[in-house]
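Enquirer: Please see the structure below; I have some questions.
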Amino acid sequence: MEDFAEQYRQEVLEQEIKSNKRTLKGFFWTFAAVGFMWLLTVVGFFEVDIRLISIAFFATFIMIIPVLYIFARGDLANSKLKYALLSLMCIESGVIASFMSFHAVLIYVLPLLFAIQYRKRSTVWFVYGVNTVTMLISSFVSFYYGICDLNLLFASNHIRNWYLELLAEGTLNLPFNENPAYVIVVFEVFPRSITLLLFSILVHYTVISSNEDAYKIARLTYLKETDTITKVYNKNKYEEMAAEYYPKIDQISVTFWDLNNLKEINDEHGHAMGDKAIEMLSSSLYARSDDRRRVYRIGGDEFLLIIDNPAPKETEELIKEVTESIDSQNEGRDIKIYSAVGYAFGKGKDIAEIVKKADACMYENKRLSKTESGLQG
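Numbering (our numbering), first residue to last: 748 to 1124.
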(Lines of atoms letter the chains of each structure in order from A and count residues from 1; the text may use other names and numbers.)
(Lines give C-alpha, C1' and ligand atoms only; values in the text may rest on other atoms or scores of the structure.)
Protein backbone atom coordinates (compact mmCIF):
# COMPACT_ATOMS: atom_id res chain seq x y z
CA MET A 1 0.00 0.00 0.00
CA GLU A 2 1.22 3.50 -0.83
CA ASP A 3 2.28 5.73 2.04
CA PHE A 4 -0.86 7.86 2.08
CA ALA A 5 -0.04 9.18 5.55
CA GLU A 6 3.13 10.81 4.20
CA GLN A 7 1.24 12.15 1.17
CA TYR A 8 -1.34 13.60 3.54
CA ARG A 9 1.33 15.33 5.64
CA GLN A 10 2.99 16.75 2.53
CA GLU A 11 -0.32 18.00 1.15
CA VAL A 12 -1.21 19.78 4.41
CA LEU A 13 2.23 21.42 4.42
CA GLU A 14 1.92 22.43 0.76
CA GLN A 15 -1.50 23.96 1.37
CA GLU A 16 -0.15 26.01 4.27
CA ILE A 17 2.56 27.36 1.97
CA LYS A 18 0.04 28.15 -0.78
CA SER A 19 -2.25 29.93 1.67
CA ASN A 20 0.64 32.06 2.95
CA LYS A 21 1.56 32.93 -0.65
CA ARG A 22 -2.02 34.01 -1.37
CA THR A 23 -2.01 36.19 1.76
CA LEU A 24 1.29 37.78 0.68
CA LYS A 25 -0.17 38.50 -2.75
CA GLY A 26 -3.13 40.10 -1.00
CA PHE A 27 -0.82 42.83 0.30
CA PHE A 28 0.24 43.66 -3.25
CA TRP A 29 -3.35 43.69 -4.54
CA THR A 30 -4.36 46.00 -1.69
CA PHE A 31 -1.40 48.29 -2.38
CA ALA A 32 -2.36 48.39 -6.07
CA ALA A 33 -5.97 49.34 -5.21
CA VAL A 34 -4.88 52.11 -2.82
CA GLY A 35 -2.34 53.28 -5.39
CA PHE A 36 -5.03 53.48 -8.04
CA MET A 37 -7.26 55.61 -5.81
CA TRP A 38 -4.27 57.80 -4.87
CA LEU A 39 -3.50 58.32 -8.56
CA LEU A 40 -7.10 59.35 -9.27
CA THR A 41 -6.79 61.88 -6.44
CA VAL A 42 -3.50 63.25 -7.80
CA VAL A 43 -5.02 63.89 -11.23
CA GLY A 44 -8.02 65.61 -9.63
CA PHE A 45 -10.71 62.98 -10.17
CA PHE A 46 -11.34 62.63 -6.41
CA GLU A 47 -11.80 66.05 -4.80
CA VAL A 48 -10.46 65.13 -1.40
CA ASP A 49 -7.46 66.15 0.63
CA ILE A 50 -4.56 64.61 -1.27
CA ARG A 51 -2.44 64.70 1.87
CA LEU A 52 -4.69 62.15 3.58
CA ILE A 53 -4.81 59.81 0.58
CA SER A 54 -1.02 60.10 0.32
CA ILE A 55 -0.58 59.13 3.98
CA ALA A 56 -2.64 55.98 3.41
CA PHE A 57 -0.77 55.19 0.20
CA PHE A 58 2.76 55.65 1.59
CA ALA A 59 1.90 53.88 4.86
CA THR A 60 0.76 50.91 2.79
CA PHE A 61 3.95 51.15 0.77
CA ILE A 62 6.07 51.03 3.95
CA MET A 63 4.23 47.92 5.10
CA ILE A 64 5.06 46.22 1.80
CA ILE A 65 8.76 46.19 2.77
CA PRO A 66 8.55 43.43 5.44
CA VAL A 67 6.10 41.59 3.22
CA LEU A 68 8.62 41.58 0.39
CA TYR A 69 11.26 40.24 2.75
CA ILE A 70 8.98 37.44 3.94
CA PHE A 71 8.05 36.61 0.37
CA ALA A 72 11.69 36.38 -0.68
CA ARG A 73 13.40 34.97 2.41
CA GLY A 74 10.78 33.77 4.87
CA ASP A 75 9.91 30.18 5.76
CA LEU A 76 6.47 29.93 4.18
CA ALA A 77 5.94 26.52 5.79
CA ASN A 78 6.12 27.97 9.31
CA SER A 79 2.77 27.31 10.97
CA LYS A 80 2.96 30.60 12.91
CA LEU A 81 3.66 32.76 9.87
CA LYS A 82 -0.03 33.15 9.01
CA TYR A 83 -0.70 34.90 12.32
CA ALA A 84 2.03 37.45 11.62
CA LEU A 85 0.82 38.03 8.06
CA LEU A 86 -2.83 38.39 9.04
CA SER A 87 -1.92 40.75 11.90
CA LEU A 88 -0.01 42.92 9.43
CA MET A 89 -3.01 42.88 7.13
CA CYS A 90 -5.31 43.99 9.97
CA ILE A 91 -2.93 46.86 10.76
CA GLU A 92 -2.75 47.77 7.09
CA SER A 93 -6.55 47.84 6.90
CA GLY A 94 -6.71 50.03 9.99
CA VAL A 95 -4.22 52.53 8.53
CA ILE A 96 -6.10 52.74 5.24
CA ALA A 97 -9.45 53.17 6.99
CA SER A 98 -8.02 55.85 9.31
CA PHE A 99 -7.18 58.27 6.53
CA MET A 100 -9.45 57.24 3.66
CA SER A 101 -12.59 56.91 5.83
CA PHE A 102 -15.67 56.25 3.68
CA HIS A 103 -13.47 55.44 0.69
CA ALA A 104 -12.32 52.30 2.52
CA VAL A 105 -15.45 51.36 4.42
CA LEU A 106 -15.16 47.65 3.55
CA ILE A 107 -11.44 47.30 4.10
CA TYR A 108 -11.88 45.41 7.37
CA VAL A 109 -13.36 42.46 5.50
CA LEU A 110 -10.07 41.91 3.69
CA PRO A 111 -8.17 40.09 6.49
CA LEU A 112 -11.17 37.84 7.13
CA LEU A 113 -11.31 36.84 3.48
CA PHE A 114 -7.75 35.63 3.69
CA ALA A 115 -8.27 33.97 7.06
CA ILE A 116 -10.95 31.62 5.69
CA GLN A 117 -8.46 29.88 3.42
CA TYR A 118 -6.51 28.39 6.32
CA ARG A 119 -7.56 24.95 7.56
CA LYS A 120 -7.62 26.00 11.21
CA ARG A 121 -10.91 27.75 11.97
CA SER A 122 -9.28 29.45 14.96
CA THR A 123 -7.43 31.64 12.44
CA VAL A 124 -10.67 33.46 11.60
CA TRP A 125 -11.34 34.22 15.27
CA PHE A 126 -7.76 35.43 15.69
CA VAL A 127 -8.23 37.88 12.81
CA TYR A 128 -11.59 38.94 14.22
CA GLY A 129 -9.93 39.86 17.52
CA VAL A 130 -7.05 41.79 15.93
CA ASN A 131 -9.45 43.46 13.49
CA THR A 132 -11.66 44.64 16.33
CA VAL A 133 -8.72 46.37 18.03
CA THR A 134 -7.41 48.00 14.85
CA MET A 135 -10.92 49.09 13.86
CA LEU A 136 -11.45 50.72 17.27
CA ILE A 137 -8.20 52.68 16.95
CA SER A 138 -8.70 53.66 13.31
CA SER A 139 -12.27 54.81 14.01
CA PHE A 140 -10.96 57.45 16.45
CA VAL A 141 -8.12 58.43 14.11
CA SER A 142 -10.54 58.69 11.17
CA PHE A 143 -13.00 60.86 13.14
CA TYR A 144 -10.38 63.45 14.03
CA TYR A 145 -7.95 63.28 11.12
CA GLY A 146 -9.58 61.38 8.26
CA ILE A 147 -11.73 62.60 5.40
CA CYS A 148 -14.82 64.16 6.97
CA ASP A 149 -18.12 62.66 5.85
CA LEU A 150 -19.63 66.17 5.67
CA ASN A 151 -17.87 66.43 2.35
CA LEU A 152 -20.70 64.32 0.94
CA LEU A 153 -23.20 67.04 1.93
CA PHE A 154 -21.15 70.15 1.26
CA ALA A 155 -19.20 70.86 -1.89
CA SER A 156 -15.89 70.71 -0.03
CA ASN A 157 -12.92 68.47 0.73
CA HIS A 158 -11.87 69.28 4.28
CA ILE A 159 -11.25 67.52 7.56
CA ARG A 160 -13.24 67.88 10.80
CA ASN A 161 -11.03 70.55 12.40
CA TRP A 162 -11.53 72.90 9.43
CA TYR A 163 -15.28 72.88 9.97
CA LEU A 164 -14.85 73.38 13.73
CA GLU A 165 -12.59 76.39 13.24
CA LEU A 166 -15.09 78.07 10.94
CA LEU A 167 -17.90 77.31 13.39
CA ALA A 168 -15.88 78.86 16.22
CA GLU A 169 -15.23 81.97 14.16
CA GLY A 170 -18.87 82.15 13.07
CA THR A 171 -17.82 82.29 9.45
CA LEU A 172 -19.10 78.91 8.23
CA ASN A 173 -20.68 79.75 4.92
CA LEU A 174 -20.59 76.79 2.59
CA PRO A 175 -22.95 76.24 -0.31
CA PHE A 176 -24.95 73.06 -0.16
CA ASN A 177 -24.03 70.59 -2.84
CA GLU A 178 -26.45 71.16 -5.69
CA ASN A 179 -25.86 67.71 -7.13
CA PRO A 180 -25.51 65.26 -4.17
CA ALA A 181 -26.38 62.27 -6.36
CA TYR A 182 -23.29 62.91 -8.49
CA VAL A 183 -21.07 63.25 -5.42
CA ILE A 184 -22.45 60.10 -3.81
CA VAL A 185 -22.10 58.03 -6.99
CA VAL A 186 -18.66 59.29 -7.99
CA PHE A 187 -16.99 59.93 -4.66
CA GLU A 188 -18.59 57.26 -2.46
CA VAL A 189 -20.10 54.48 -4.58
CA PHE A 190 -17.25 54.39 -7.08
CA PRO A 191 -14.46 54.04 -4.48
CA ARG A 192 -16.46 51.36 -2.68
CA SER A 193 -17.07 49.55 -5.95
CA ILE A 194 -13.30 49.43 -6.47
CA THR A 195 -12.94 47.85 -3.04
CA LEU A 196 -15.79 45.43 -3.75
CA LEU A 197 -14.17 44.48 -7.04
CA LEU A 198 -10.98 43.70 -5.16
CA PHE A 199 -12.95 41.58 -2.69
CA SER A 200 -14.76 39.79 -5.51
CA ILE A 201 -11.47 38.86 -7.13
CA LEU A 202 -10.08 37.71 -3.81
CA VAL A 203 -13.16 35.64 -2.95
CA HIS A 204 -13.20 34.03 -6.38
CA TYR A 205 -9.51 33.23 -6.27
CA THR A 206 -9.39 32.17 -2.64
CA VAL A 207 -12.58 30.12 -2.47
CA ILE A 208 -11.92 28.20 -5.68
CA SER A 209 -8.33 27.49 -4.71
CA SER A 210 -9.34 26.50 -1.19
CA ASN A 211 -12.06 24.18 -2.52
CA GLU A 212 -9.53 22.47 -4.74
CA ASP A 213 -7.20 22.07 -1.77
CA ALA A 214 -10.06 20.77 0.38
CA TYR A 215 -10.86 18.15 -2.27
CA LYS A 216 -7.25 16.98 -2.29
CA ILE A 217 -7.23 16.75 1.50
CA ALA A 218 -10.54 14.87 1.52
CA ARG A 219 -9.29 12.39 -1.08
CA LEU A 220 -5.99 11.79 0.68
CA THR A 221 -7.75 11.57 4.05
CA TYR A 222 -9.98 8.84 2.66
CA LEU A 223 -7.04 6.97 1.16
CA LYS A 224 -5.01 7.39 4.34
CA GLU A 225 -7.77 6.13 6.63
CA THR A 226 -9.65 3.57 4.53
CA ASP A 227 -8.81 -0.02 3.65
CA THR A 228 -8.95 -0.19 -0.14
CA ILE A 229 -10.43 -3.71 -0.30
CA THR A 230 -13.04 -3.71 2.46
CA LYS A 231 -13.75 0.07 2.61
CA VAL A 232 -13.68 0.02 6.43
CA TYR A 233 -11.15 2.03 8.43
CA ASN A 234 -7.56 0.79 8.23
CA LYS A 235 -4.80 0.39 10.81
CA ASN A 236 -3.61 3.99 10.28
CA LYS A 237 -7.02 5.28 11.34
CA TYR A 238 -7.19 2.91 14.30
CA GLU A 239 -3.81 4.04 15.62
CA GLU A 240 -4.82 7.69 15.22
CA MET A 241 -8.12 7.14 17.04
CA ALA A 242 -6.43 5.08 19.76
CA ALA A 243 -4.00 7.94 20.40
CA GLU A 244 -6.30 10.95 20.08
CA TYR A 245 -9.98 9.97 20.30
CA TYR A 246 -10.66 6.92 22.45
CA PRO A 247 -8.74 8.16 25.52
CA LYS A 248 -11.44 10.85 25.78
CA ILE A 249 -14.29 8.32 25.77
CA ASP A 250 -15.52 7.12 29.15
CA GLN A 251 -16.34 3.50 28.31
CA ILE A 252 -15.69 1.42 25.19
CA SER A 253 -16.18 -2.14 24.07
CA VAL A 254 -13.72 -3.79 21.70
CA THR A 255 -14.73 -6.81 19.64
CA PHE A 256 -11.93 -8.66 17.85
CA TRP A 257 -12.88 -10.68 14.75
CA ASP A 258 -10.72 -13.13 12.82
CA LEU A 259 -11.44 -15.64 10.03
CA ASN A 260 -10.78 -19.23 11.09
CA ASN A 261 -10.42 -20.87 7.69
CA LEU A 262 -8.74 -18.20 5.56
CA LYS A 263 -5.60 -20.28 5.00
CA GLU A 264 -7.71 -23.21 3.86
CA ILE A 265 -9.64 -21.01 1.41
CA ASN A 266 -6.44 -19.44 0.04
CA ASP A 267 -4.72 -22.83 -0.38
CA GLU A 268 -7.67 -24.58 -2.03
CA HIS A 269 -9.36 -21.78 -3.97
CA GLY A 270 -6.79 -19.03 -4.39
CA HIS A 271 -6.24 -15.64 -2.81
CA ALA A 272 -8.99 -13.98 -4.86
CA MET A 273 -11.50 -16.21 -3.12
CA GLY A 274 -9.77 -15.45 0.19
CA ASP A 275 -10.30 -11.72 -0.45
CA LYS A 276 -14.00 -12.39 -1.03
CA ALA A 277 -14.18 -14.21 2.29
CA ILE A 278 -12.61 -11.19 3.99
CA GLU A 279 -15.12 -8.93 2.25
CA MET A 280 -18.02 -11.10 3.50
CA LEU A 281 -16.92 -10.63 7.09
CA SER A 282 -16.14 -6.92 6.69
CA SER A 283 -19.47 -6.19 4.98
CA SER A 284 -21.36 -7.78 7.89
CA LEU A 285 -19.40 -5.63 10.34
CA TYR A 286 -19.64 -2.45 8.26
CA ALA A 287 -23.43 -2.80 7.96
CA ARG A 288 -23.64 -2.33 11.72
CA SER A 289 -21.26 0.62 12.01
CA ASP A 290 -22.29 4.20 12.72
CA ASP A 291 -20.96 7.26 14.55
CA ARG A 292 -20.51 5.23 17.77
CA ARG A 293 -19.54 1.93 16.18
CA ARG A 294 -16.40 1.94 14.05
CA VAL A 295 -14.84 -0.97 12.19
CA TYR A 296 -11.09 -1.22 11.57
CA ARG A 297 -9.13 -3.73 9.53
CA ILE A 298 -5.86 -4.03 11.44
CA GLY A 299 -4.47 -7.12 9.70
CA GLY A 300 -5.09 -9.49 6.81
CA ASP A 301 -8.25 -11.06 8.26
CA GLU A 302 -8.33 -9.27 11.61
CA PHE A 303 -10.98 -6.67 12.38
CA LEU A 304 -11.84 -4.53 15.38
CA LEU A 305 -15.32 -3.21 16.08
CA ILE A 306 -15.18 -0.54 18.79
CA ILE A 307 -18.28 0.97 20.38
CA ASP A 308 -18.33 4.28 22.25
CA ASN A 309 -20.15 4.05 25.58
CA PRO A 310 -21.97 0.80 24.74
CA ALA A 311 -25.44 0.10 26.13
CA PRO A 312 -25.94 -3.01 28.29
CA LYS A 313 -25.81 -6.17 26.15
CA GLU A 314 -25.23 -4.06 22.99
CA THR A 315 -21.92 -5.78 22.22
CA GLU A 316 -23.31 -9.27 22.76
CA GLU A 317 -26.34 -8.54 20.59
CA LEU A 318 -24.15 -7.12 17.86
CA ILE A 319 -21.93 -10.23 17.88
CA LYS A 320 -25.05 -12.36 17.56
CA GLU A 321 -26.29 -10.27 14.61
CA VAL A 322 -22.98 -10.50 12.77
CA THR A 323 -22.72 -14.25 13.40
CA GLU A 324 -26.24 -14.77 12.04
CA SER A 325 -25.43 -12.61 9.03
CA ILE A 326 -22.34 -14.72 8.24
CA ASP A 327 -24.35 -17.94 8.67
CA SER A 328 -26.97 -16.55 6.32
CA GLN A 329 -24.33 -15.72 3.69
CA ASN A 330 -22.90 -19.24 4.02
CA GLU A 331 -26.18 -20.84 3.02
CA GLY A 332 -26.06 -22.23 -0.51
CA ARG A 333 -22.32 -21.48 -0.88
CA ASP A 334 -19.71 -24.11 -1.62
CA ILE A 335 -17.14 -22.05 0.21
CA LYS A 336 -18.16 -21.11 3.72
CA ILE A 337 -16.43 -18.78 6.13
CA TYR A 338 -16.02 -19.26 9.86
CA SER A 339 -14.89 -16.62 12.29
CA ALA A 340 -13.54 -16.39 15.80
CA VAL A 341 -14.56 -13.51 18.02
CA GLY A 342 -13.57 -12.10 21.39
CA TYR A 343 -14.56 -8.95 23.22
CA ALA A 344 -13.66 -6.87 26.25
CA PHE A 345 -14.79 -3.69 28.00
CA GLY A 346 -13.07 -0.83 29.77
CA LYS A 347 -12.21 2.85 29.87
CA GLY A 348 -11.20 4.53 26.64
CA LYS A 349 -7.84 5.57 28.08
CA ASP A 350 -6.99 1.88 28.49
CA ILE A 351 -7.74 0.95 24.89
CA ALA A 352 -4.44 -0.85 24.30
CA GLU A 353 -5.09 -3.22 27.21
CA ILE A 354 -8.71 -3.74 26.18
CA VAL A 355 -7.65 -4.71 22.64
CA LYS A 356 -5.16 -7.20 24.10
CA LYS A 357 -7.90 -8.75 26.23
CA ALA A 358 -10.27 -8.97 23.26
CA ASP A 359 -7.47 -10.47 21.17
CA ALA A 360 -6.73 -13.11 23.83
CA CYS A 361 -10.44 -13.91 24.08
CA MET A 362 -10.64 -14.25 20.31
CA TYR A 363 -7.69 -16.66 20.20
CA GLU A 364 -9.30 -18.76 22.91
CA ASN A 365 -12.48 -18.84 20.84
CA LYS A 366 -10.43 -19.80 17.77
CA ARG A 367 -8.67 -22.58 19.69
CA LEU A 368 -11.97 -24.03 20.84
CA SER A 369 -13.41 -23.77 17.33
CA LYS A 370 -10.43 -25.59 15.83
CA THR A 371 -10.66 -28.29 18.51
CA GLU A 372 -14.31 -28.83 17.70
CA SER A 373 -14.12 -28.62 13.90
CA GLY A 374 -10.55 -29.59 13.12
CA LEU A 375 -10.19 -26.59 10.84
CA GLN A 376 -6.75 -25.31 9.97
CA GLY A 377 -6.41 -21.56 9.64
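All C-beta atoms in this analysis are idealised placements derived from N, C-alpha and C, irrespective of residue type, glycine included.
Can you find the residues in the same chain that come closer than 6 Å, C-beta to C-beta, to N1013, ignoring five residues on each side of it along the sequence?
Expert: In the sequence shown, the residue the question calls residue 1013 occupies position 266. Correct list, in chain order: G1021.
Enquirer: Using the rule of at least 16 other Cβ atoms within 10 Å of the residue's Cβ for burial, across every protein chain shown, is K1067 buried or exposed?
Expert: For the purposes of this step, residue 1067 is taken as the residue at position 320 of the sequence shown. Flag for K1067 reads exposed.
Enquirer: What are the boundary residues of the beta strand (DSSP E) that G1093 is part of?
Expert: For the purposes of this step, residue 1093 is identified with residue 346 of the sequence shown, where counting begins at 1. Its beta strand (DSSP E) spans residues S1086 to K1094.
Enquirer: Just verifying my parser: in three-state terms, what is the DSSP assignment at R769?
Expert: Numbered from its first residue, the sequence shown carries residue 769 at position 22. Three-state result, R769: helix.
Enquirer: Name the residue from V888, S1116, N767 and N926 whose alpha carbon lies nearest to the alpha carbon of R866.
Expert: By 1-based counting over the sequence shown, the position of residue 866 is 119. Answer by Cα proximity: N767.
Enquirer: With a cut-off of 8 Å, do at least 3 Cβ pairs link the segment 1072 to 1088 to the segment 985 to 1001?
Expert: No contact exists between the segment 1072 to 1088 and the segment 985 to 1001.
Enquirer: Using C-beta distances below 8 Å, list every residue in its chain close to Y952, excluding the 5 sequence neighbours before and after it, in chain order.
Expert: Taking the first residue of the sequence shown as 1, we reach residue 952 at position 205. Around Y952: R769.
Enquirer: List the endpoints of the continuous beta strand (DSSP E) containing L1052.
Expert: In the sequence shown, counting from the first residue as 1, residue 1052 sits at position 305. Note, L1052: beta strand (DSSP E), E1049 to D1055.
Enquirer: Going along the chain, which residues of its own chain have a beta-carbon closer than 7 Å to the beta-carbon of K963, five neighbours each way excluded?
Expert: The residue you call residue 963 lines up with position 216 of the sequence shown. Contacts found: E758.
Enquirer: On the DSSP bridge assignment, give the partners of T1062 in chain order.
Expert: For the purposes of this step, residue 1062 is taken as residue 315 along the sequence shown, with counting starting at 1. T1062 is not bridged to any residue.
Enquirer: For S826, count neighbouring Cβ atoms within 10 angstroms of its own Cβ and tell me buried if that reaches 16, exposed if not.
Expert: Position 79 of the sequence shown, counted from the first residue, corresponds to residue 826. With fewer than 16 Cβ atoms within 10 Å of its Cβ, S826 is classed as exposed.
Enquirer: Which residues mark the beginning and the end of the alpha helix (DSSP H) in which F846 is found?
Expert: Start at 1 with the first residue of the sequence shown, and residue 846 comes out as number 99. It spans L828 to M847 - the alpha helix (DSSP H) in which F846 sits, taken as one unbroken run.
Enquirer: Let me confirm a value: K1113 is counted as buried when at least 16 other C-beta atoms fall within 10 Å, else exposed. Which label applies?
Expert: For the purposes of this step, residue 1113 is identified with residue 366 of the sequence shown, where counting begins at 1. The residue in question, K1113, is buried, as its Cβ has 16 or more Cβ neighbours within 10 Å.
Enquirer: Using the C-alpha atoms, what's the distance from V790 back to M882?
Expert: The residue you call residue 882 lines up with position 135 of the sequence shown. The residue you call residue 790 lines up with position 43 of the sequence shown. Rounded to whole angstroms, M882 to V790 spans 30 Å at the Cα level.
Enquirer: Using only CA atoms, which one of L970, S886, S956 and L949 lies nearest to A780?
Expert: What you label residue 780 is simply residue 33 of the sequence shown in a count that begins at 1. Nearest option by C-alpha distance: L949.
Enquirer: Among the residues of its own chain, which have a CB less than 7 Å from the CB of I854, if the five just before and after it don't count?
Expert: For the purposes of this step, residue 854 is taken as the residue at position 107 of the sequence shown. Taken in chain order, the residues that qualify are S840, I843, A844 and T942.
Enquirer: Would you tell me roughly how many angstroms separate the C-alpha atoms of F774 and I811, rounded to the nearest one?
Expert: Here residue 774 is taken as the residue at index 27 of the sequence shown, counted from 1. Here residue 811 is taken as the residue at index 64 of the sequence shown, counted from 1. Distance between the alpha carbons of F774 and I811: 7 Å.
Enquirer: Apart from the five residues just before and just after Y1085, which ones in its own chain have a Cβ nearer than 6 Å to its Cβ?
Expert: Working through the sequence shown from its first residue, we reach residue 1085 at position 338. The answer, listed in chain order, is N1007 and N1008.
Enquirer: When the Cα of V1001 is compared with those of E1061, S886 and T807, which residue comes out closest?
Expert: The sequence position of residue 1001 within the sequence shown is 254, counting from 1. Checked all of E1061, S886 and T807; the closest Cα to V1001 is E1061.
Enquirer: Tell me, which residues are paired with Q998 by DSSP?
Expert: Residue 998 sits at position 251 when you count from the first residue of the sequence shown. The partner list for Q998 (beta bridge, DSSP) reads K1094.
Enquirer: Can you find at least 3 beta carbon pairs, one from the segment 816 to 830 and one from the segment 794 to 801, that sit closer than 8 Å?
Expert: The answer is no - the segment 794 to 801 does not touch the segment 816 to 830, with fewer than three Cβ pairs under 8 Å.
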